[in-house]
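Written below as structure tokens is the structure these notes are about.
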């Protein structure tokens, strides 16, 4: 089945130790998004890729970077995780439709990041 | 200003009863989309239903229906015949604009629904 996959599902890292979260998709969607969701809060968009074009949200900290080496894969790099970066990280995809619309976003299962 | 407002932090419903989850939105765009997602305790976001701003009829998907009142800027989710498995967090979300928005979603704060046996 076509889907969005995130690895790992749970990640523990130490304060200040770089960490990379992975997302892959078999939907062949041209847009990929990364969201941060803290406990009992709404998901907050960090950035997205339209094909290879990277778009950062204005309030996304510089500590967060992303790479999209091809259509299927997208990575979230946290250069120096702080305690406040502990959260669920959700990857999502969508496809541009005819007449400039977009279909709904398909989400992966998320990676729950713990910072010790 | 909040673009998506969900005023019910928590809702309770008896199994097999219907429940309405409220959502109001604010936008100056003529073209926009409204979505509802379900997030169980496991964390994945599950797409439930979509309403486009130009759609004249309310969207329905199985037990889910969206009560779209454009003039009031509300997009309430109605779940009929609630099941225990419906217990989860529910998010209302809006996609504004056309191609330049790249399909970005703005989420409300969510409503925790608990279904009692």
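Residue numbers (the working numbering), protein chains in the order written: chain L, 792 to 907; chain Y, 855 to 971.
The beta carbon of each residue, even a glycine, is placed where N, CA and C say it ideally should be.
Here the structure is a predicted model, which means the values were calculated and not measured.
(message) Just to confirm, is the Cβ distance from residue 967 of chain Y to residue 947 of chain Y under 8 Å?
(response) Result no, Cβ atoms of residue 967 of chain Y and residue 947 of chain Y do not sit closer than 8 Å.
(request) Show which residues of chain L have a CB atom less than 8 Å away from the CB atom of residue 963 of chain Y. (result) Within 8 Å Cβ-Cβ: 832, 833.
(request) Identify the contact partners of residue 900 of chain L in chain Y, using a Cβ-Cβ distance below 8 Å as the criterion. (result) From the beta-carbon of residue 900 of chain L, the residues of chain Y found nearer than 8 Å are 896, 897, 898.
(message) Checking 8 Å against the spacing of the C-beta atoms, do residue 820 of chain L and residue 956 of chain Y come in under that value?
(response) Result no, Cβ atoms of residue 820 of chain L and residue 956 of chain Y do not sit closer than 8 Å.
(request) Buried or exposed for residue 935 of chain Y, please, with buried defined as at least 16 other CB atoms from any protein chain shown within 10 angstroms of its CB. (result) Exposed, by the Cβ-count rule.
(message) Alpha carbons only, please: which of L:900, L:879, L:905 is nearest the one belonging to residue 830 of chain L?
(response) The alpha carbon of residue 830 of chain L has as its nearest neighbour, out of L:900, L:879, L:905, the alpha carbon of L:879.
(request) Alpha carbon to alpha carbon, how far is residue 928 of chain Y from residue 879 of chain Y? Give it in angstroms, no decimals. (result) For residue 879 of chain Y and residue 928 of chain Y, the distance between alpha carbons rounds to 6 Å.
(message) Taking the straight line between their C-alpha atoms, what separation do you get for residue 937 of chain Y and residue 930 of chain Y?
(response) C-alpha separation (whole angstroms): 19 Å.
(message) Please tell me whether residue 803 of chain L has its Cβ less than 8 Å away from any Cβ of chain Y.
(response) Chain Y contact via Cβ: absent.
(request) Take every Cβ of the stretch 812–828 of chain L, pair it with every Cβ of the stretch 894–907 of chain L, and state whether three or more of those distances are shorter than 8 Å. (result) Using a Cβ-Cβ distance cut-off of 8 Å, the stretch 812–828 of chain L and the stretch 894–907 of chain L are in contact, since at least three pairs of beta carbons, one from each stretch, lie closer than that value.
(message) Quick check on residue 801 of chain L: buried or exposed, where buried means 16 or more other Cβ atoms within 10 Å of its Cβ?
(response) Its Cβ having fewer than 16 others within 10 Å, residue 801 of chain L is exposed.
(message) Rounded to whole angstroms, what is the Cα-Cα separation between residue 858 of chain Y and residue 959 of chain Y?
(response) Cα to Cα, residue 858 of chain Y sits roughly 10 Å from residue 959 of chain Y.
(request) Kindly provide the ranges of any beta strand (DSSP E) runs that are 3 or more residues long and lie completely inside the stretch 875–957 of chain Y, ordered along the chain. (result) Counting whole runs of 3 or more residues, the stretch 875–957 of chain Y contains the beta strand (DSSP E) stretches 886–893, 900–906, 918–923, 928–933, 942–950.
(request) Kindly list, in the order they appear in chain Y, the residues whose Cβ is closer than 8 Å to that of residue 879 of chain L. (result) By Cβ distance, chain Y contributes 897.
(request) Give me the Cα-Cα distance between residue 867 of chain L and residue 897 of chain Y, rounded to the nearest whole angstrom. (result) Near 18 Å, if we compare the C-alpha coordinates of residue 897 of chain Y and residue 867 of chain L.
(request) Could you list the residues in the stretch 817–828 of chain L with a C-beta less than 9 Å from some C-beta on chain Y, going in chain order? (result) Hits within the stretch, in order: 822, 824, 826, 828.
(message) For residue 949 of chain Y, count the other beta carbons within 10 Å of its own beta carbon; 16 or more makes it buried, fewer makes it exposed. Which is it?
(response) Buried: at least 16 other Cβ atoms inside 10 Å.
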